[in-house]
Each structure stands twice: as C-alpha cells, then as structure tokens.
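Quick note, this note's numbering runs 8 ahead of the 1-based positions in the sequence shown. Glycine included, each C-beta is placed from N, C-alpha and C at the ideal position. Comments concern the structure below.
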Amino acid sequence: MSLAIAIAERSIALFGVILFLSQLAAYETGHWIGRRHRARNLAQPEAVGVIVGGMLGLLAFVLALTLSFANARFSERQAGGLAEANAIGTAWLRAKALGDPRSEAIARLLEDYTRVRAGFIGVERDQAAVDALNLRTSALQSEMWGHLSAIVRARPDPVASALMVALNEAFDAATAERFAFSLRLPTQMFWLLIVLALLSMACLGYQLGLRERPLRLLVALLTFMWTTVILNILDLGSARLGYLRAGTAAYEWTLQGFKGGVQIPPLPEAAP
9 MSLAIAIAER SIALFGVILF LSQLAAYETG HWIGRRHRAR NLAQPEAVGV
59 IVGGMLGLLA FVLALTLSFA NARFSERQAG GLAEANAIGT AWLRAKALGD
109 PRSEAIARLL EDYTRVRAGF IGVERDQAAV DALNLRTSAL QSEMWGHLSA
159 IVRARPDPVA SALMVALNEA FDAATAERFA FSLRLPTQMF WLLIVLALLS
209 MACLGYQLGL RERPLRLLVA LLTFMWTTVI LNILDLGSAR LGYLRAGTAA
259 YEWTLQGFKG GVQIPPLPEA AP
C-alpha cells in the first residue's frame, strides 16, 4: 500500500487514472486471450460466464466490506474530534469557575492547546509537522497538569477534583484521536481489492472475447465505477489524504466560545 499512498500523495487523481487504465489493460488482455481461445474452441462461454459472475460478486462484496471499514475509521476520527473539543471546553469552563491564578493560567493554556489540536487535525500528510504538534501537545499537557497539581495540593476539595477529571478527559480524548488518525486501511485488504478488480476485469474481457462482443463503452463505464469506489475507500481510510477529511469546525466553535469569557452577574435582588 505504500506505493499506492506515494502515488496518491502526489495526486489522488493520478492514482485514479493509473488504476482506471490498469483495469482497461487487464480487460483488453483478457479479451484478446478470449478471442484466441474462441478461434480454437478451447472454452465454453456459458461455463466461463458462471465463473465470471461469481468473481464479480466477490469483488462487489470486498468493495462493500472495505468501504464499510474505511467509513467506520472516518466516522471515528470525526466523532473523536467532537468529543475532544467538548472535553476541552468543559475543562476551560471549570478552570475559569475556580477563579484561582493557576486555574486562569490553565484556561489560557487550554486556548493555545485547542489551536494546537485543531492544527493536528488539519495538517496535511507531513510527518515532521505531525510530530512537532504531538510534542507541543505533550508540553502543554505537562504544563497544565503542573498548575493543576499545585491547585489540588493547596485545596484538595471536590471543586479541584472536578477540574482534574475534566483535564484528564481532555488528555485522554487527545490520545484517542491520535490513535484514530494512526489507523489506516490494512495493506492486505487494500491489495486484495486491487488484485480482485484487475482479475475480474481480465476475466470479464475473456468472457466477452469468447462471445466476440467487446462492449468497450459499457466496460469503460463499469471500470470508472469500480475506480471511483476504490478511490473513495482509499480517501476515507487515510486520515491525511485526499479530500474526505475530518474537519476542525468543533475546535473552531470551542475557540469562539472562549472569546466571551466568563461573566459573573451581580446578585439578584431579594424579592419583597
């Protein structure tokens, strides 16, 4: 899969064109062999049709299986981003509610932390940038936890414990999101899909060659459909590739919520 990723990194459209042409080449090869076998009466079209139908059915099943897997990974990344943004927002609100100088420092650090986490989600496929963002994340977490440790030692009460729980959940969410972004479509499954697509097209060409029916326009349309689905699977299964990406909207909304601050209203007047 590394070769496919290397080509797709340059251009996912280029990868699609190569895959499309490879399937057409496999079809033409099979069609040429089929015409030669027909001339020599080496195969029966009816029996070949049954086998080709089974191969196309298996290809459709593998396409559905890999698409479901890739879509699940994409959904995990999106849900993880929303959960992390909510956890950060909760920790910020609890830090502001304490009114302690150290809790205010935690709140300010959480604002920077949110920007770093949004950068982690939105960065392109640049491992050096990803590593730098992960190091910055760890540094901010250590600094915030240091302030929190001082707060808990000074006032070991349920209010400080609530802030500790909120920060811990935000840090756990960051780890879960990092894990989700590290997952990709298994190499064996991806190459199984590619090989099945090429073999199915070659066998389809062989069957139509036996019948002397090229049907090139319909075959090109079918090949385009296979290619489109495979590209979507590759895009969904790769966290930092292509156009189907987990967005940073939840982090941006959290940052917008920070701008208003926390305003403490005056005590309401007692009812007469």
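From what residue to what residue does the alpha helix (DSSP H) around A33 run?
As a position in the sequence shown, residue 33 is number 25, starting the count at 1. That run of the alpha helix (DSSP H) goes I20 to R48.
Can you have a look at R125 and say buried or exposed, based on whether 16 or more other CB atoms are within 10 angstroms of its CB?
Locating residue 125 in the sequence shown gives position 117, where the first residue counts as 1. Buried.
Cβ-Cβ separation, L171 to S111 (assumed contact under 8 Å), whole Å
The residue given as residue 111 occupies position 103 in the sequence shown. The residue given as residue 171 occupies position 163 in the sequence shown. Between S111 and L171, the beta carbon gap of about 7 Å places them in contact (Cβ cut-off 8 Å).
Quick one: complete beta strand (DSSP E) runs, 3+ long, within the stretch 189-276?
none
Note down the Cα distance separating V25 from P222, rounded to an integer number of angstroms.
The residue you call residue 25 lines up with position 17 of the sequence shown. The residue you call residue 222 lines up with position 214 of the sequence shown. When rounded, the separation of the alpha-carbon atoms in V25 and P222 is 21 Å.
Can you name the start and end residues of the alpha helix (DSSP H) that R133 belongs to?
What you label residue 133 is simply residue 125 of the sequence shown in a count that begins at 1. Looking at the DSSP string, R133 is not in any alpha helix (DSSP H), and its letter there is neither H nor E.
Work out the CA separation of N79 and M197 for me, nearest whole Å.
Translated into the one-based positions of the sequence shown, residue 197 becomes position 189. Translated into the one-based positions of the sequence shown, residue 79 becomes position 71. Their Cα atoms are separated by approximately 14 Å.
Would you tell me roughly how many angstroms separate the C-alpha atoms of Y121 and R144, rounded to the nearest one?
By one-based count along the sequence shown, residue 121 stands at place 113. By one-based count along the sequence shown, residue 144 stands at place 136. Cα to Cα, Y121 sits roughly 8 Å from R144.
Backbone secondary structure at G97 - three-state DSSP
By one-based count along the sequence shown, residue 97 stands at place 89. Under the three-state reduction of DSSP, G97 is assigned to helix.
Just how far apart, CA to CA, sit L201 and E36?
For the purposes of this step, residue 201 is identified with residue 193 of the sequence shown, where counting begins at 1. For the purposes of this step, residue 36 is identified with residue 28 of the sequence shown, where counting begins at 1. When only Cα atoms are considered, L201 and E36 end up about 20 Å apart.
Going along the chain, which unbroken runs of the alpha helix (DSSP H) with 4 or more residues stay wholly within the stretch 100-126?
Annotation: the stretch 100-126 contains no complete segment of the alpha helix (DSSP H) (minimum length 4 residues).
Mind reading off the beta-carbon distance from G245 to R186? Whole number of angstroms is fine, and I expect it under 8 Å.
As a first step, residue 245 is located in the sequence shown; it is residue number 237 there, counting from the start. As a first step, residue 186 is located in the sequence shown; it is residue number 178 there, counting from the start. About 17 Å; that fails the 8 Å criterion.
Below 8 Å on the Cβ atoms is my guess for A168 versus I159; work out the distance and round it to an integer in Å.
Sequence index remark: in the sequence shown, residue 168 carries index 160 (1-based). Sequence index remark: in the sequence shown, residue 159 carries index 151 (1-based). Between I159 and A168 the Cβ distance is about 5 Å, and since that is below 8 Å, they are a contact.
Determine whether the beta carbon atoms of E84 and A181 lie at a separation below 8 Å.
Indexing the sequence shown from 1 puts residue 84 at position 76. Indexing the sequence shown from 1 puts residue 181 at position 173. No.
Rounded C-alpha distance that separates G61 from E260
Taking the sequence shown and counting its residues from 1, the one referred to as residue 61 is at position 53. Taking the sequence shown and counting its residues from 1, the one referred to as residue 260 is at position 252. Answer to the nearest angstrom: the Cα atoms are 50 Å apart.
Look at the alpha carbon of R123 and the alpha carbon of V237, and state the distance between them as a whole number of angstroms.
In the sequence shown, residue 123 corresponds to position 115, counting from 1. In the sequence shown, residue 237 corresponds to position 229, counting from 1. R123 and V237: Cα-Cα distance of roughly 34 Å.
For L27, the nearest candidate out of S76, G269, L230 and F266 (CA to CA):
Within the sequence shown, the letter at position 19 stands for residue 27. Checked all of S76, G269, L230 and F266; the closest Cα to L27 is L230.
The stretch 126-139 contacting the stretch 202-210, beta-carbon criterion three pairs below 8 Å:
no
For R163, count neighbouring Cβ atoms within 10 angstroms of its own Cβ and tell me buried if that reaches 16, exposed if not.
Within the sequence shown, numbered from 1, the residue matching residue 163 stands at position 155. Under this definition R163 is an exposed residue.
I'd like to know whether the C-beta atoms of A258 and L22 end up nearer to each other than 8 Å.
Counting from one through the sequence shown, the residue named residue 258 turns up at place 250. Counting from one through the sequence shown, the residue named residue 22 turns up at place 14. No, they are not a contact pair.
Option nearest A68 by Cα separation, candidates Y251, Q86 and T235
Here residue 68 refers to the residue found at position 60 of the sequence shown. Per the Cα distances, T235.
How is P166 classed by DSSP in three states: helix, strand or coil?
Stepping through the sequence shown from its first residue, residue 166 is reached at position 158. It is helical.
Please report the straight-line C-alpha distance between N176 and L101, rounded to a whole angstrom.
Position 168 of the sequence shown, counted from the start, is the residue given in the question as residue 176. Position 93 of the sequence shown, counted from the start, is the residue given in the question as residue 101. Spanning the two alpha carbons is a distance of roughly 14 Å.
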